[in-house]
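One structure below.
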Ligand SMILES: Cc1cc2nc3c(=O)[nH]c(=O)nc-3n(C[C@H](O)[C@H](O)[C@H](O)COP(=O)(O)OP(=O)(O)OC[C@H]3O[C@@H](n4cnc5c(N)ncnc54)[C@H](O)[C@@H]3O)c2cc1C
Ligand code: HEM
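In my numbering, the protein residues as written are 1151 to 1522.
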């Protein structure tokens, strides 16, 4: 690995990407699907421009192979996750070949034997870590879990709460997310969603918010009906409860970022209860989509306080403002374990505000719903 010149790989890809990321992705996929048609069925039916999720990520990872020690846990998770696509060890050389052919094509005279050898070595190292982990986990875990939608509760114009039933329990921890393929309505499109109930049973509650123009959220919120089939991928995420801590909890959620907080509240209840302040923020009164459940949770659990704030609707009788500001304005949270979940903008603003107020980074766990 010492011989791999990662700076040269990055420089080479910057040159290649100069031809336009869409052109590069298009060439990569055309080559892959033509030469290795058995890989086509793993990808979404319409591989339109701007829809590429693999090439950019692939290159970013491979060109950082000099940090492979830090990357190993992530690559192991990625390899485990790729099993849901049907990816087998035998498929990795095909993607490596498509990558190198694409790079050579766009590099023109800048392509050298040394670059070719370095790309190949870096790819083999990354692919080996992924496929090794996938083979290892195959002994104990299925590649995905079949599920069926059993209830669709359209709470607002753009938010639906879905109850899905699996045949086997999915081994997630409260706060973690699973990727979802709406097999009936959007086959081979995978997106992340976060169970809103603690693990162990066969039923999983999902909160889906429609993102305008987004294929999967539109399908889940607008077109879901009981009986629709889904597949769920393996769970991931570090926004989980710290079992070694007895500190009180502060949870701050924007919109469907409420889902993991509900799962964690359920888990805290199972574990005997712990003082918890849950802040839920929405833009308008109508987007306060889970108020009955939140009121019931607060009634049941003496250790739980729920505050709902609305940012853009003056008729709301409770607190107004961005939820991070409302929570930060309510007290000193430096003695709490802090959880934040919502859009990337909400999470960034909230965490920044709390840190400025004396909360330490190590106290905060968060999940952003925008990016995988
Ligand atoms: C770990 C994780 C957990 C998630 N859990 C949930 C969940 O429980 N409920 C839920 O509704 N969504 C959740 N999401 C977002 C979800 O995975 C999809 O991205 C979202 O539903 C849109 O899917 P789409 O196919 O319609 O559009 P996409 O093609 O996925 O997205 C279109 C664009 O919208 C952005 N985007 C997606 N979600 C948001 C958001 N909330 N705020 C601002 N921008 C956004 C994306 O980054 C992208 O740029 C989660 C995301 C991650 C990474
Ligand atoms: C070193 C090798 C590889 C790396 C680093 C890699 C990395 C990634 C990453 C980071 C994503 C995005 C995940 C997400 O958005 O959640 C992805 C998606 C994907 N990968 Fe890989 N991958 C590799 C090899 C492969 C192979 C061999 C296959 C199978 C032929 C494959 C099939 C896919 C598919 C089907 C997707 C989803 C694409 C989409 O939804 O548009 N990958 N990969």
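Yeah, the Cβ is synthetic: ideal placement off N, Cα and C, and Gly gets one too.
- Counting along the chain, residue 1515 sits inside the beta strand (DSSP E) bounded by residues 1514 to 1518.
- Take the alpha-carbon of residue 1230 and the one of residue 1389: they are about 19 Å apart.
- With contact defined as three or more Cβ pairs closer than 8 Å, the stretch 1400 to 1415 and the stretch 1483 to 1494 are in contact.
- Nearest Cα to residue 1205 within the set 1266, 1166 and 1326: 1166.
- A residue is called buried once 16 or more other Cβ atoms fall within 10 Å of its Cβ, and residue 1184, having fewer, is exposed.
- In the three-state reduction of the DSSP assignment, residue 1153 falls in the coil class.
- Taking 8 Å as the cut-off, one finds no heavy atom of ligand 1 near enough to the beta carbon of residue 1230.
- Assigned with DSSP and collapsed to three states, residue 1327 falls in strand.
- Under the three-state reduction of DSSP, residue 1184 is assigned to helix.
- In this structure, ligand 2 has no non-hydrogen atom nearer than 8 Å to the beta-carbon of residue 1472.
- With a threshold of 8 Å, the Cβ atom of residue 1409 counts as near ligand 1, since some heavy atom of the ligand is closer than that.
- The alpha carbon of residue 1400 has as its nearest neighbour, out of 1377, 1454, 1371 and 1444, the alpha carbon of 1454.
- Residues with their Cβ less than 5 Å from any non-hydrogen atom of ligand 2, running along the chain, are 1189, 1192, 1193, 1203, 1204, 1207, 1208, 1211, 1235, 1237, 1241, 1242, 1245, 1276, 1277 and 1522.
- Distance from the CA of residue 1429 to the CA of residue 1219, rounded to the nearest whole angstrom, comes to 38 Å.
- With the rule of 3 Cβ pairs closer than 8 Å, the stretch 1160 to 1180 does not count as touching the stretch 1340 to 1348.
- Leaving aside the five residues that flank residue 1385 on each side, the residues in its chain whose CB is nearer than 6 Å to its CB run, in chain order, 1322, 1326 and 1328.
- The residue from 1320, 1304, 1433 and 1298 with its alpha-carbon nearest to that of residue 1469 is 1433.
- DSSP lists 1403 and 1458 as the beta-bridge partner residues of residue 1430.
- When C-alpha distances from residue 1186 are compared across 1198, 1241 and 1217, the shortest belongs to 1241.
- Counted as a single uninterrupted DSSP element, the beta strand (DSSP E) harbouring residue 1357 occupies residues 1353 to 1359.
- By alpha-carbon distance to residue 1163, the top candidate from 1239, 1252, 1182 and 1189 is 1252.
- Nearest to residue 1238 by alpha-carbon distance, out of 1504, 1304, 1198 and 1189, is 1189.
- Counting C-beta pairs closer than 8 Å gives fewer than three between the stretch 1502 to 1522 and the stretch 1460 to 1468, which falls short of the contact rule.
- Residue 1298 is bridged by DSSP to 1315 and 1379.
- Taking 9 Å as the cut-off, the beta carbon of residue 1353 is found closer than this to the beta carbon of residue 1314.
- For residue 1287, the CB contacts under 7 Å within the same chain, skipping 5 residues up- and downstream, are 1230 in chain order.
- For residue 1299, the distance from the CB to the nearest heavy atom of ligand 1 is not below 8 Å.
- Around the C-beta of residue 1153, fewer than 16 other C-beta atoms lie within 10 Å, and the residue is accordingly described as exposed.
- Here residue 1407 is buried. Its C-beta has 16 or more other C-beta atoms within 10 Å.
- A direct Cα-to-Cα measurement between residue 1281 and residue 1318 gives close to 25 Å.
- Sequence-distant Cβ neighbours of residue 1232 in its own chain, meaning closer than 8 Å and more than five residues away, are 1280 and 1284.
- Of all C-beta pairs linking the stretch 1439 to 1454 to the stretch 1471 to 1483, fewer than three are shorter than 8 Å, placing the two stretches out of contact.
- A residue is called buried when at least 16 other Cβ atoms come within 10 angstroms of its Cβ; residue 1235 meets this threshold and is buried.
- Ranking 1513, 1394, 1215 and 1493 by CA distance to the CA of residue 1485 puts 1513 first.
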